[in-house]
Each structure stands twice: as structure tokens, then as C-alpha cells.
Amino acid sequence: MSDYNKLKQHILKLKTDPSSFSPKDVEEAFFLILQGEVNDVQIATFLTLLSVHKLDRDPEVLFTCATVLKKLAIQVDWSQINAPLLDIVGTGGDGKNTFNVSTASSIVVAAAGGKVGKGGGRSSTSKSGSADFLESLGANITSLQPDQIPKILQEDDFCFIFAPQYHPLLRKVAHIRKNIPFPTVFNLLGPLVNMCSPKKMIMGVFSADLGELMAKTLDKLGVEEALVVHGDIGLDEISPIGTTTAWALSKGTINKQTISPADFGLPEHDLSLVAGGSSDENAEIFTKIANNDYKGPILDFILINAAALLKVGGLASSFEEGVQLAREAIESGKVKSTLDKYVKSSN
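Structural data, given as C-alpha cells:
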């Protein structure tokens, strides 16, 4: 049977009997979408039906899709890395256009003793994505081949895992996704398919409805410790103002909690004070922070998110201790050194 007819059968089953559409069906359909001889209309129809029937909000489906993506990705040997890997990442899509806090925080955490494989790509909805921000800081994102990344990560404690280099098959569906006027399962997969397979993570989600879903999916993917967060003003980060709802994953158990800047010993700041500019503007601010030449709301925004990852990563016993470690890493020059090493290694 042709790939076209195989996917057609899956589409018909998904339309007529979605309750019986099994993880095995999802797996077969996803393989066909990414590497089969199928057409754009079929792919768009499948993604739409998956969304209509809310199967893209099923942790087993997300786990299955993420597993297929990782199987079809460029494979790299990560065995030389001698410590648990960390990541701080968001789904994007919150529409708030804040400073590149997750990327900046990841560098701070690496300088404070973590080993961070930061997953991400270019901007899709904001002015500056992770890759854009790092390039403005002087890194050469596309010069590094996937098999070079583990060595740099082991030696420098930080490296950027540029998703398009590991997942080239996603180009096949990029134009289809852009023409579907609502989020599909692919909008949730990015943070789940970091190829260095971090064991401890902070993950921001654009909707509180995604919190428990993503925590359960991370558990299925083998993540040991995680904090899935949603700033209650609508952020896919820990919010600098008001409360943040968090789902704490620890060794298979998920606990829902509420956190705020006060838990970190820091003041609140209005969202307008941590707004993001262009990648160059954001890089200029972070360079000042790395040089210990900036005090203000964006610094506190970074300290909050870095502290959370330091606690989840087992490097701090509390959020307040995490802030202290992050601040010391900046003031001692370790953040500047970590950034400089990574920029040099990437060029």
C-alpha cells in the first residue's frame, strides 16, 4: 500500500472513531507525515483532526510524537558529558514579547555550576528568538555541526542546541503549519525534543491548560525533575509580577503550586519594564549584566528564572539561595567568562 493510502486510512479512522485512535496509529501517521510520500492536504487534515478531537492534549500522544521526532533527528553521541543536563525553555506563543530571559538565565545557570544544553530556534512570534539573541552576542549558531556540540557543552558548561540542525525533516511541514490558523501539535513539541535529553528542566507554557499536560509528558520522556510554569498574567515564564502557577515534577510525582517574586526575595516589576527589544538591543542589555554594569527589572527577571533552574537542578536548596548563586555568578565575572567561552567556541 502506498504512503498516501496508508495516511488516508489513518485520517479516516481519526475522523470517524477518534476514541480508538491509538498511540501506535499516531506513531505510524507521524512517520508518514515526516518521511512518507504524502501531500500537504493530507498533513493539514491530520493535524486539524488531531486538534479538533483534542488528542494533541493527550500526554501519550505528545510523548509518541516527540519520540518519533527524536528518532528521525540527526543522532549525536552525548556520552562524554559527565553531569546531568539542564534546560530552560518555553513554548512561546504568549504574545508578550518579553526580554530573552530563558536564554540569558541559561548562561547564568551554567556560570553558577550547571551544565546547560539550551534548546531553541529563531523567533517566530517575538522580536528576538534564542538563536537571534545569541548571534547578537557574537555566537555563530550555524557554524557548529551537531556532532561538535557535546564537546563544547562538556568543556564550556553551556551550548545552544539549534533545533533546525537536528530536526531537518520539520522543514517539510513548516509551510503547512504557517497556513493553519491555530496551534497544532507541533507548537507543543519544540520544548520536548531537545536532543541532549536534559534530565532537569524549567518549561514555560503559554496557557495554564498546558501545565499538567506538559509535566506528564516530560515524565514519560524521562525527565527527572522539572518545573512547568505559567505566569498568571499570560507569560510562558516565571512572571516578574503577581503569581505564577507551577507544576513541579519530581521522580514521577506532580504537585501544583503558586510562586511569586517574594518567594525569591525579589521585588515585583511591571511587565512593561522587562519588555524585549530587538536581538541587538537585548544583547546590549545582557552584555551590561554580564559586565556587572546593569541593575534593574530585567536583572531581577533573569535572577528569578535562573534561580528556579538552579533549584530544580539541585544546585540550590531554595529559590532565595538560587538568586544568591546567580547573583554571585554575575558579580564574580563567571557569567561573562561563560559567555565569552561559548562565543569563542562557536566561531
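Its first residue numbered 47, the sequence shown is counted upward by one per residue in this note's numbering. From the three backbone atoms N, C-alpha and C, an ideal C-beta is built for every residue, glycine too. The model shown is predicted, which means the values in this text are computed figures rather than measured ones.
Continuous alpha helix (DSSP H) assignments of at least 4 residues falling wholly in the region 165 to 227: Runs found: 176 to 182, 195 to 202, 209 to 212 and 217 to 225.
Option nearest His-99 by Cα separation, candidates Ile-57, Arg-373 and Lys-70: In the sequence shown, residue 99 corresponds to position 53, counting from 1. Checked all of Ile-57, Arg-373 and Lys-70; the closest Cα to His-99 is Ile-57.
Nearest-angstrom Cβ-Cβ length linking Val-239 and His-213, presumed shorter than 8 Å: If you number the sequence shown from 1, residue 239 lands on position 193. If you number the sequence shown from 1, residue 213 lands on position 167. Val-239 to His-213, Cβ: 7 Å. Contact.
Terminal residues of the alpha helix (DSSP H) in which Ser-296 lies: If you number the sequence shown from 1, residue 296 lands on position 250. Note, Ser-296: premise wrong, no alpha helix (DSSP H); beta strand (DSSP E) at 290 to 296.
Inter-residue Cα distance where the pair is Leu-234 and Ile-348: By one-based count along the sequence shown, residue 234 stands at place 188. By one-based count along the sequence shown, residue 348 stands at place 302. A direct Cα-to-Cα measurement between Leu-234 and Ile-348 gives close to 24 Å.
Backbone secondary structure at Asn-393 - three-state DSSP: Translated into the one-based positions of the sequence shown, residue 393 becomes position 347. Residue state, collapsed to three classes: coil.
Straight-line gap, Thr-384 to Leu-199 (C-alpha atoms, nearest Å): Start at 1 with the first residue of the sequence shown, and residue 384 comes out as number 338. Start at 1 with the first residue of the sequence shown, and residue 199 comes out as number 153. Looking at the two C-alpha atoms, the distance is approximately 11 Å.
Sequence-distant residues of the same chain with beta carbon closer than 7 Å to Glu-366, five excluded per side: Counted from its first residue, the sequence shown places residue 366 at position 320. Excluding the 5 residues flanking it on each side, Glu-366 has same chain C-beta neighbours closer than 7 Å at Phe-310 and Gly-311, in chain order.
Cβ-based burial, Gln-88 [other Cβ within 10 Å; buried from 16]: Taking the first residue of the sequence shown as 1, we reach residue 88 at position 42. It counts as buried.
Contact belief for Asp-49 with Lys-59 at Cβ below 8 Å, rounded distance in angstroms: Here residue 49 is taken as the residue at index 3 of the sequence shown, counted from 1. Here residue 59 is taken as the residue at index 13 of the sequence shown, counted from 1. About 16 Å; that fails the 8 Å criterion.
Proximity to Ala-112 [Cα-Cα], best of Gln-81, Met-241 and Ser-152: Counted from its first residue, the sequence shown places residue 112 at position 66. Comparing Cα positions, the closest option is Met-241.
Within 9 Å, strictly: CB atoms of Gly-236 and Thr-137: In the sequence shown, residue 236 corresponds to position 190, counting from 1. In the sequence shown, residue 137 corresponds to position 91, counting from 1. A contact, by the Cβ cut-off of 9 Å.
Proximity winner among Asp-203, Ser-176, Gln-121 and Lys-61, relative to Gly-323 (alpha-carbon distances): Translated into the one-based positions of the sequence shown, residue 323 becomes position 277. Considering only alpha carbons, the answer is Ser-176.
Under the three-state DSSP convention, the category His-276 falls into: Position 230 of the sequence shown, counted from the start, is the residue given in the question as residue 276. In the structure shown, His-276 sits in a strand (DSSP, three-state: E or B).
The beta strand (DSSP E) enclosing Leu-132, as first and last residue numbers: In the sequence shown, counting from the first residue as 1, residue 132 sits at position 86. Leu-132 -> beta strand (DSSP E) spans 132 to 136.
Residue nearest to Ile-350 in terms of C-alpha spacing, selected from Ser-391, Val-147, Leu-190 and Asp-102: As a working mapping, residue 350 is identified with position 304 in the sequence shown. The residue with the shortest Cα to Cα distance from Ile-350 is Val-147.
For Gly-236, three-class secondary structure by DSSP: Position 190 of the sequence shown, counted from the first residue, corresponds to residue 236. Correct three-state label for Gly-236: helix.
Cβ-Cβ distance between Ala-353 and Asn-143 below 9 Å: As a working mapping, residue 353 is identified with position 307 in the sequence shown. As a working mapping, residue 143 is identified with position 97 in the sequence shown. No.
Backbone CA spacing between Ile-284 and Pro-307 [nearest angstrom]: As a working mapping, residue 284 is identified with position 238 in the sequence shown. As a working mapping, residue 307 is identified with position 261 in the sequence shown. Taking the straight line joining both Cα atoms gives about 9 Å.
Within 9 Å, strictly: CB atoms of Trp-293 and Met-260: The residue given as residue 293 occupies position 247 in the sequence shown. The residue given as residue 260 occupies position 214 in the sequence shown. Yes, these two residues count as a Cβ contact at 9 Å.
Check whether Leu-132 and Gly-163 have beta carbons under 9 Å apart: Indexing the sequence shown from 1 puts residue 132 at position 86. Indexing the sequence shown from 1 puts residue 163 at position 117. Taking 9 Å as the cut-off, the beta carbon of Leu-132 is found closer than this to the beta carbon of Gly-163.
Straight-line gap, Leu-371 to Ala-158 (C-alpha atoms, nearest Å): Stepping through the sequence shown from its first residue, residue 371 is reached at position 325. Stepping through the sequence shown from its first residue, residue 158 is reached at position 112. So the alpha carbons of these two residues sit roughly 6 Å apart.
Span of the beta strand (DSSP E) around Asn-301: Residue numbering aside, residue 301 sits at position 255 when the sequence shown is read from its first letter. Taken as a continuous stretch (DSSP letters only), the beta strand (DSSP E) holding Asn-301 covers 299 to 305.
Proximity to Val-251 [Cα-Cα], best of Pro-343, Ile-279, Pro-227 and Leu-80: One-based indexing of the sequence shown puts residue 251 at position 205. Measuring from the Cα of Val-251, the nearest candidate turns out to be Ile-279.
Euclidean distance between Cα positions of Ser-378 and Cys-205: For this step, residue 378 is matched to residue 332 along the sequence shown. For this step, residue 205 is matched to residue 159 along the sequence shown. Cα to Cα, the separation comes out at about 21 Å.
Host alpha helix (DSSP H) of Met-241 (start-end): For the purposes of this step, residue 241 is taken as the residue at position 195 of the sequence shown. Neither: Met-241 is in no alpha helix (DSSP H) and is coded neither H nor E.
Contact under 9 Å by Cβ, Pro-69 with Thr-110: The sequence position of residue 69 within the sequence shown is 23, counting from 1. The sequence position of residue 110 within the sequence shown is 64, counting from 1. Yes; because the gap between Cβ atoms is below 9 Å, this pair is in contact.
Option nearest Ile-195 by Cα separation, candidates Val-274, Ser-125 and Thr-91: In the sequence shown, the residue the question calls residue 195 occupies position 149. The shortest C-alpha separation from Ile-195 is found at Ser-125.
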